[in-house]
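*Asks:* Have a look at this one before I ask anything.
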Amino acid sequence: MRDPLLKRIPREIKSEAGKYTVIFLFMVALIGVASGYFIADASLKAAYDDSFVTYNIEDGFLEFPEKPDSSIIEACEEEDIKLYDNTFKDEPCSDGSTVRLFRIREEVNRVCLLDGSLPSAENEIALDRLYMKSNDLSQGDTIELDGYDFKITGIIALPDYSALYRNVTDFMFDTEKFGVSVVDKAGFDRVGDGYIHYSYSWKYDDPPEEIFGKEAKDRGDELLKALAGKAPLTNFVPTCRNSSIKFAGNDLGHDRIMMLVMLDMLIVIVAFVFAVTTSNTITKEANVIGTLRASGYTKGEMVRHYLAAPVIVLLIASVIGNILGYTLLKKVMADMYLGSYSIVSYKTLWNADAFIDTTVIPLLILLAINIIMLTSKLSLSPLKFIRRDLKRRQRKKAFKLNTKIPIMTRYRLRVLFQNIPGYLTIFVGIFFASVIMLFSQLFEPLLDKFSEDSINSMIAQNTYILKAPVPTEDEDAEKFAAGELRIVRGDFSESVSLYGIASDSDYFHSDIKDDTVEVSSAYADKYHLKAGDSITLTDEYGSEDYTFEISGVYDYPSTLVVFMDIDYFNRTFDLEDEYFSGYFSDRELSDIDEKYIASVVTEDEVTKTSRQLKRSMGNMMSIFVVLGITVIVLVVYLLSKVMIEKNVQSISVTKILGYEPREISGIYIRTTTIVTILSFLLCIPLESAALDALWRGMMMQYPGWLAPDIPLSAYVKTIGMGVVTYLVTTLLLKRKINKIPMDEALKNTE
Amino acid sequence: MFIEISDIKKSFGEGESHVEVLKGISFELEKGEFCMLLGPSGSGKSTLLNIIGGIDRPDSGSISIGGERTADMNEKALTRYRRKHLGYIFQMYNLIPNLNIKENVEVGAYLSDDPLDVDDILKTLGLYEHRHKLPNQLSGGQQQRTAIGRAIVKNPDILLCDEPTGALDYNTSKEILKLIETVNQKYGSTVIMVTHNDAIKSMADRVVKLRDGVIRKNELNTAKVAAEDLEW
Numbered sequence: 001m002r003d004p005l006l007k008r009i010p011r012e013i014k015s016e017a018g019k020y021t022v023i024f025l026f027m028v029a030l031i032g033v034a035s036g037y038f039i040a041d042a043s044l045k046a047a048y049d050d051s052f053v054t055y056n057i058e059d060g061f062l063e064f065p066e067k068p069d070s071s072i073i074e075a076c077e078e079e080d081i082k083l084y085d086n087t088f089k090d091e092p093c094s095d096g097s098t099v100r101l102f103r104i105r106e107e108v109n110r111v112c113l114l115d116g117s118l119p120s121a122e123n124e125i126a127l128d129r130l131y132m133k134s135n136d137l138s139q140g141d142t143i144e145l146d147g148y149d150f151k152i153t154g155i156i157a158l159p160d161y162s163a164l165y166r167n168v169t170d171f172m173f174d175t176e177k178f179g180v181s182v183v184d185k186a187g188f189d190r191v192g193d194g195y196i197h198y199s200y201s202w203k204y205d206d207p208p209e210e211i212f213g214k215e216a217k218d219r220g221d222e223l224l225k226a227l228a229g230k231a232p233l234t235n236f237v238p239t240c241r242n243s244s245i246k247f248a249g250n251d252l253g254h255d256r257i258m259m260l261v262m263l264d265m266l267i268v269i270v271a272f273v274f275a276v277t278t279s280n281t282i283t284k285e286a287n288v289i290g291t292l293r294a295s296g297y298t299k300g301e302m303v304r305h306y307l308a309a310p311v312i313v314l315l316i317a318s319v320i321g322n323i324l325g326y327t328l329l330k331k332v333m334a335d336m337y338l339g340s341y342s343i344v345s346y347k348t349l350w351n352a353d354a355f356i357d358t359t360v361i362p363l364l365i366l367l368a369i370n371i372i373m374l375t376s377k378l379s380l381s382p383l384k385f386i387r388r389d390l391k392r393r394q395r396k397k398a399f400k401l402n403t404k405i406p407i408m409t410r411y412r413l414r415v416l417f418q419n420i421p422g423y424l425t426i427f428v429g430i431f432f433a434s435v436i437m438l439f440s441q442l443f444e445p446l447l448d449k450f451s452e453d454s455i456n457s458m459i460a461q462n463t464y465i466l467k468a469p470v471p472t473e474d475e476d477a478e479k480f481a482a483g484e485l486r487i488v489r490g491d492f493s494e495s496v497s498l499y500g501i502a503s504d505s506d507y508f509h510s511d512i513k514d515d516t517v518e519v520s521s522a523y524a525d526k527y528h529l530k531a532g533d534s535i536t537l538t539d540e541y542g543s544e545d546y547t548f549e550i551s552g553v554y555d556y557p558s559t560l561v562v563f564m565d566i567d568y569f570n571r572t573f574d575l576e577d578e579y580f581s582g583y584f585s586d587r588e589l590s591d592i593d594e595k596y597i598a599s600v601v602t603e604d605e606v607t608k609t610s611r612q613l614k615r616s617m618g619n620m621m622s623i624f625v626v627l628g629i630t631v632i633v634l635v636v637y638l639l640s641k642v643m644i645e646k647n648v649q650s651i652s653v654t655k656i657l658g659y660e661p662r663e664i665s666g667i668y669i670r671t672t673t674i675v676t677i678l679s680f681l682l683c684i685p686l687e688s689a690a691l692d693a694l695w696r697g698m699m700m701q702y703p704g705w706l707a708p709d710i711p712l713s714a715y716v717k718t719i720g721m722g723v724v725t726y727l728v729t730t731l732l733l734k735r736k737i738n739k740i741p742m743d744e745a746l747k748n749t750e
Numbered sequence: 751m752f753i754e755i756s757d758i759k760k761s762f763g764e765g766e767s768h769v770e771v772l773k774g775i776s777f778e779l780e781k782g783e784f785c786m787l788l789g790p791s792g793s794g795k796s797t798l799l800n801i802i803g804g805i806d807r808p809d810s811g812s813i814s815i816g817g818e819r820t821a822d823m824n825e826k827a828l829t830r831y832r833r834k835h836l837g838y839i840f841q842m843y844n845l846i847p848n849l850n851i852k853e854n855v856e857v858g859a860y861l862s863d864d865p866l867d868v869d870d871i872l873k874t875l876g877l878y879e880h881r882h883k884l885p886n887q888l889s890g891g892q893q894q895r896t897a898i899g900r901a902i903v904k905n906p907d908i909l910l911c912d913e914p915t916g917a918l919d920y921n922t923s924k925e926i927l928k929l930i931e932t933v934n935q936k937y938g939s940t941v942i943m944v945t946h947n948d949a950i951k952s953m954a955d956r957v958v959k960l961r962d963g964v965i966r967k968n969e970l971n972t973a974k975v976a977a978e979d980l981e982w
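Below you can see the structure in the form of structure tokens.
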């Protein structure tokens, strides 16, 4: 015979419809978001990985100063490579941005047409999706490039521009200011009387096994040496060094751990909410449980019975969450990546890990916490349940309170002491919610500060990085040498810029001791460095180590940089005494040919990072706010509801005695209000420390550094949003108290 | 008359489950009178007490206390009415479990502008030494004494007692009845007590017997017996 208690389960869910609906919706949203994220992340990563074959991504590109004749091409191809013409022009758009024009690629770096059609007339263009989005352009719109109008016929992604870096040496890409496009031959010839980039992609006849591995780097170095004598080159970038291709791939999957930790933390809170509310149900049903246990029902059967409703709710929420994850939310999550990267079209892939992370692990967390609670709670004897004597240790006396304290205050304190576990869960819930909301409030001010710091700490108004050391007549210009090494920490590595500064520099305001270096404050902050420490850096593929002694920290909070004297720089890297690779200048240098300039770091350039991150992360931050608010509603409402339910009899009595609704709310809700507001305030140092640790931990996984200086406004906004959410929640609680009937006290139960 | 109850009718449920619990109850009480509402289970005595106590409303009829008609009062006024005039004693005590004994009495005192001294009450009730204990640390009789303390500390005009000895043994019941008698005599509160125990009716000034929602007998008790001398 089927267990007749099973029939109670749907009734239990129905009778607690409010509680189960709130938790259910929260879990659907949480699991939906997490599942959507995991699926989008994995599907996009697969699309990115496949794009190397599907779209035949180049093994590298090089650029000639002028159109190469066939003999140069043939000479190059003698080095076991094949070259493909990928000539482009950078044309100014009427809105101030730059669009890079390619002809339609047929063989290498083939075009991924996302919508519409490829251009077939000289006045047609197919534009990168992300650039179009950043500039509010649609198919059918007209864009003016270098004075010529082009009609947008198609939306594309170019596989060699998944991150829209204008130059591979740029700090960051900026999808609003730079985009790529394809036009037909007539369209290409139509515009531009300026500089043409004779860029050629190469493919090895026998490609290296790993496109980003050491072999690829060595092959690139060998090829460069081999080509150096055969053709003049103005640019040479193997794909393993091309940020436009590799950056998106590195970033995909980076936030997975963060999402997983957030999901599991929130599931722990939900599991505790279930544990506290189920514990309350057991108290209410004590004599029934006692009778059933006395009749022969085992403890295991009772545990399973009370576990059933939470498990059913979680499983249904997982199914619906996953359906939403695979459909609606996958798109939302993918859009966050697609807000930063111009990834080729992708297919949704079934993801077993996502299922485990969003269904199996939450179920195990829920089971673990609730089985411990239920086993402990149900281990009392049947007689104790029948007598409703559920306390393991009976207190002989109440906690003593000074009788000079007014009775209403003492009453509130008693309610507080009675509900310590509930209030502790509220405190923990508020802590998590505050961390989540503070995180969302932190991002924008941090980026603004980063932007401000980047501008304030610029060594010069213009930093010219040259492809070759060319002279300038401008007296404002000061030579420097620049290079890049890597900081290696376990599996993680990131690049650090090295600047060799002139001894009597007008731009760098510190005297660096001989044969020592100064590190930027960002570097020192991230890696806890100080004067007297030494650092060991490695070249990009770990073949050579360089150890430097730090003699000081230079106030440069935005980037990881090592500063040293230019002579020391040249000696360290076996360069000629007079070697330099760029100029600092507060004025624009007009006498350097554009073809020798690799990049110019200007104010616009250094603020690109924060602009782009704001655009990329905006959606994500709103999700954090919604999650935080939901956690507050969930935890405060459900646990306060439990406290009210525990005291139904007392509330009913106070009503009969003649207490007014505001006085009753004053006893039962004001206590929660005080605890909630105190929790928000007491959480400040904790969340500050937690966020600092979390942020530092997170930033350690990313290249670069954004110091976690939490502004006061972020706390104010977080507490403000939290308190407003709570006050709205109290309206529901007041309604619940008002609805408690007076005849509750007249029932002959104790 | 201090309390005038006229033609109170009350029914519950609809259709086939419709039950008429009170079918037109009328009687009057003098100030300070001790009235016993007697009747078997389901006779409507507790419903009548709830209506007098302003925690339930009649379908028709009216109750007037000191000239104020409860039918004319809204929820707020009814709350004020209970606060100012009534003390309630329940069968199952209904003490607030997380407050100690003294605090439970203080919860009653808080409602009055002119409460009696809490410590005096506790001493009178023999609870002073237990004042820091929680209700569940006391016996049923002690808990009921606390409930009486909570009811009388605000010096109410009317004390409503719903089967106050229903859960107690003989000796404890007698002790509680003596206390209620004392309250009635010492503080002059009008007492309305619901019981199904016929044996205790003799301690009241008036006995109103209900059966099936109607008054079967309403008589003044001319042979009043002290609670001490009751036997059952």
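Heads up: the protein sequence lines correspond to chains A and B, in order.
Residue numbering for the first sequence follows my numbering, starting at 1 and increasing by one per position.
Residue numbering for the second sequence follows my numbering, starting at 751 and increasing by one per position.
Note that the Cβ used here is the ideal one computed from N, Cα and C, for glycine as well.
If you're wondering where the values come from, they're calculated on a predicted model, not measured in any experiment.
Compute the distance between the beta-carbons of A:Met699 and A:Leu691, then report whether it is under 8 Å.
*Replies:* By one-based count along the first sequence, residue 699 of chain A stands at place 699. By one-based count along the first sequence, residue 691 of chain A stands at place 691. Not a contact, by the Cβ cut-off of 8 Å.
*Asks:* I'd like the list of long-range same chain contacts for B:Leu970, defined as Cβ closer than 7 Å, with 5 residues on each side in sequence excluded.
*Replies:* One-based indexing of the second sequence puts residue 970 of chain B at position 220. These residues qualify, in order along the chain: Asp955 and Arg956.
*Asks:* Is A:Asp514 helix, strand or coil when you go by DSSP?
*Replies:* On the first sequence, position 514 is the one that residue 514 of chain A refers to. Residue state, collapsed to three classes: coil.
*Asks:* Between B:Asn947 and chain E, is the shortest Cβ-Cβ distance under 8 Å, so that the two count as touching?
*Replies:* Although the question refers to chain E, the structure presented lacks it and instead comprises the protein chains A and B.
*Asks:* Counting only beta-carbon atoms, is B:Val857 nearer than 8 Å to chain A?
*Replies:* Numbered from its first residue, the second sequence carries residue 857 of chain B at position 107. Nearest CB-CB separation between B:Val857 and chain A: below the 8 Å threshold.
*Asks:* Give a yes or no on whether the minimum CB-CB distance between B:Glu853 and chain A is below 8 Å.
*Replies:* Translated into positions along the second sequence, residue 853 of chain B becomes position 103. Interface residue, yes.
*Asks:* Any beta-carbon of chain B closer than 8 Å to the one on A:Asp453?
*Replies:* Position 453 of the first sequence, counting from 1, holds the residue named residue 453 of chain A. No, its Cβ sits nowhere closer than 8 Å to a Cβ of chain B.
*Asks:* In terms of residues, what are the limits of the beta strand (DSSP E) holding A:Cys683?
*Replies:* Your numbering for residue 683 of chain A matches position 683 in the first sequence. Counted as a single uninterrupted DSSP element, the stretch harbouring A:Cys683 is not any beta strand (DSSP E) but the alpha helix (DSSP H) occupying residues Pro661 to Met700.
*Asks:* Can you tell me whether DSSP reads A:Phe492 as helix, strand or coil?
*Replies:* Translated into the one-based positions of the first sequence, residue 492 of chain A becomes position 492. Correct three-state label for A:Phe492: strand.
*Asks:* Spatial neighbours of A:Ala157 within its chain, please: CB distance less than 7 Å, with the 5 preceding and 5 following residues excluded, ordered by chain position.
*Replies:* In the first sequence, counting from the first residue as 1, residue 157 of chain A sits at position 157. Within the same chain, A:Ala157 has close Cβ partners Cys112, Leu114, Asp128, Arg129, Ser342, Ile343 and Val344.
*Asks:* Reducing DSSP to helix, strand and coil, say where A:Lys404 ends up.
*Replies:* Reading the first sequence from its first residue, position 404 is the one you call residue 404 of chain A. In the structure shown, A:Lys404 sits in coil (DSSP, three-state: anything other than H, G, I, E or B).
*Asks:* If you draw a straight line from the C-alpha of A:Glu663 to the C-alpha of B:Lys826, how long is it?
*Replies:* Counting from one through the first sequence, the residue named residue 663 of chain A turns up at place 663. Counting from one through the second sequence, the residue named residue 826 of chain B turns up at place 76. Taking the straight line joining both Cα atoms gives about 13 Å.
*Asks:* Is the CB of B:Arg833 under 8 Å away from at least one CB in chain A?
*Replies:* One-based indexing of the second sequence puts residue 833 of chain B at position 83. B:Arg833 counts as touching chain A.
*Asks:* Please work out which residues of its chain come closer than 8 Å, Cβ to Cβ, to A:Ala216, disregarding the five sequence neighbours upstream and downstream, and give them in chain order.
*Replies:* Along the first sequence, read from residue 1 onward, the residue named residue 216 of chain A stands at position 216. So the list reads Asp59, Pro208, Glu210, Pro238, Thr239 and Cys240, once near-sequence residues are dropped.
*Asks:* Using DSSP with H/G/I as helix, E/B as strand and the rest coil, what is A:Arg388?
*Replies:* Mapped onto the first sequence, residue 388 of chain A falls at position 388. Note: A:Arg388 maps to coil in three-state DSSP.
*Asks:* Mind reading off the beta-carbon distance from B:Asp806 to B:Thr797? Whole number of angstroms is fine, and I expect it under 8 Å.
*Replies:* For the purposes of this step, residue 806 of chain B is taken as residue 56 along the second sequence, with counting starting at 1. For the purposes of this step, residue 797 of chain B is taken as residue 47 along the second sequence, with counting starting at 1. At roughly 7 Å, the Cβ-Cβ gap stays under 8 Å, so B:Asp806 and B:Thr797 are in contact.
*Asks:* Name the two residues that bound the continuous beta strand (DSSP E) containing B:Val957.
*Replies:* What you label residue 957 of chain B is simply residue 207 of the second sequence in a count that begins at 1. Run containing B:Val957: Arg956 to Arg961, per the beta strand (DSSP E) assignment.
*Asks:* With a threshold of 16 other CB atoms inside 10 Å of the CB of A:Phe431, please say whether the residue is buried or exposed.
*Replies:* Reading the first sequence from its first residue, position 431 is the one you call residue 431 of chain A. Its Cβ being crowded by 16 or more others within 10 Å, A:Phe431 is buried.
*Asks:* Of all Cβ atoms in chain A, is any one closer than 8 Å to the Cβ of B:Thr829?
*Replies:* By 1-based counting over the second sequence, the position of residue 829 of chain B is 79. By this cut-off, B:Thr829 is an interface position.
*Asks:* Looking only at DSSP bridge pairs, what is B:Gly837 linked to?
*Replies:* Here residue 837 of chain B corresponds to residue number 87 of the second sequence, with the count starting at 1. Looking at the DSSP assignment, B:Gly837 forms a beta bridge with B:Leu909.
*Asks:* How close, in whole Å, do the beta carbons of A:Ser434 and A:Phe680 come, if the pair is a contact with beta carbons under 8 Å?
*Replies:* Numbered from its first residue, the first sequence carries residue 434 of chain A at position 434. Numbered from its first residue, the first sequence carries residue 680 of chain A at position 680. Going by Cβ atoms, the distance from A:Ser434 to A:Phe680 rounds to 7 Å, so yes, they are a contact pair.
*Asks:* Quick one: residues in its chain with C-beta nearer than 6 Å to the C-beta of A:Lys614, no 5 flanking neighbours on either side, listed in chain order?
*Replies:* Taking the first sequence and counting its residues from 1, one reaches residue 614 of chain A at position 614. Counting only Cβ-Cβ distances below 6 Å, and skipping sequence neighbours, we find Leu447.
*Asks:* Are the CB atoms of B:Cys911 and B:Val868 nearer to each other than 8 Å?
*Replies:* In the second sequence, counting from the first residue as 1, residue 911 of chain B sits at position 161. In the second sequence, counting from the first residue as 1, residue 868 of chain B sits at position 118. Cβ distance not < 8 Å, so B:Cys911 and B:Val868 don't count as in contact.
*Asks:* Taking the Cβ atom as the reference point for each residue, do A:Leu366 and A:Phe274 lie within a distance shorter than 8 Å?
*Replies:* Locating residue 366 of chain A in the first sequence gives position 366, where the first residue counts as 1. Locating residue 274 of chain A in the first sequence gives position 274, where the first residue counts as 1. Cβ distance < 8 Å, so A:Leu366 and A:Phe274 count as in contact.
*Asks:* Beta carbons nearer than 7 Å to chain A: which residues of the segment 871-886 of chain B have them?
*Replies:* His882, Lys883 and Leu884
*Asks:* Going by DSSP, what residue range makes up the alpha helix (DSSP H) through A:Tyr20?
*Replies:* By one-based count along the first sequence, residue 20 of chain A stands at place 20. Segment Ala17 to Thr54, the alpha helix (DSSP H) holding A:Tyr20.
*Asks:* Helix, strand or coil: which one does DSSP assign to A:Glu588?
*Replies:* Working through the first sequence from its first residue, we reach residue 588 of chain A at position 588. Here A:Glu588 sits in coil by DSSP.
*Asks:* Based on the DSSP output, what are the partners of A:Lys203 in its beta bridges?
*Replies:* Working through the first sequence from its first residue, we reach residue 203 of chain A at position 203. A:Lys82, per the DSSP bridge assignment.
*Asks:* What in chain A is Cβ-close to B:Leu849, meaning under 7 Å?
*Replies:* As a first step, residue 849 of chain B is located in the second sequence; it is residue number 99 there, counting from the start. Neighbours of B:Leu849 on chain A, chain order: Tyr411 and Arg414.
*Asks:* Determine whether the Cβ of A:Lys133 lies closer than 8 Å to any Cβ atom of chain B.
*Replies:* Here residue 133 of chain A refers to the residue found at position 133 when the first sequence is read from its first residue. No, because no Cβ of chain B sits closer than 8 Å to the Cβ of A:Lys133.
*Asks:* DSSP three-state label for A:Met458, please.
*Replies:* Start at 1 with the first residue of the first sequence, and residue 458 of chain A comes out as number 458. Three-state DSSP puts A:Met458 in coil, outside helix and strand.
*Asks:* Between the Cα of A:Ile566 and those of A:Asp555, A:Ile501 and A:Leu537, spot the shortest distance and give me the residue it belongs to.
*Replies:* In the first sequence, the residue the question calls residue 566 of chain A occupies position 566. For the residues A:Asp555, A:Ile501 and A:Leu537, the minimum Cα distance to A:Ile566 belongs to A:Ile501.
*Asks:* Which of the three DSSP states is assigned to A:Arg8 in this structure?
*Replies:* The sequence position of residue 8 of chain A within the first sequence is 8, counting from 1. Reduced to three states, the DSSP call for A:Arg8 is helix.
*Asks:* Are A:Gly321 and A:Val631 touching if we call contact CB-CB under 8 Å?
*Replies:* Counted from its first residue, the first sequence places residue 321 of chain A at position 321. Counted from its first residue, the first sequence places residue 631 of chain A at position 631. Against a cut-off of 8 Å, the Cβ pair of A:Val631 and A:Gly321 comes out as no contact.
*Asks:* Three-state secondary structure (DSSP) at A:Thr142?
*Replies:* Within the first sequence, residue 142 of chain A is the residue found at index 142, counting from 1. A:Thr142 falls in the strand class under three-state DSSP.
*Asks:* Should B:Arg832 go down as buried or exposed, given a rule of 16 or more other Cβ atoms within 10 Å for buried?
*Replies:* In the second sequence, counting from the first residue as 1, residue 832 of chain B sits at position 82. It is buried - the Cβ of B:Arg832 has at least 16 other Cβ atoms within 10 Å.
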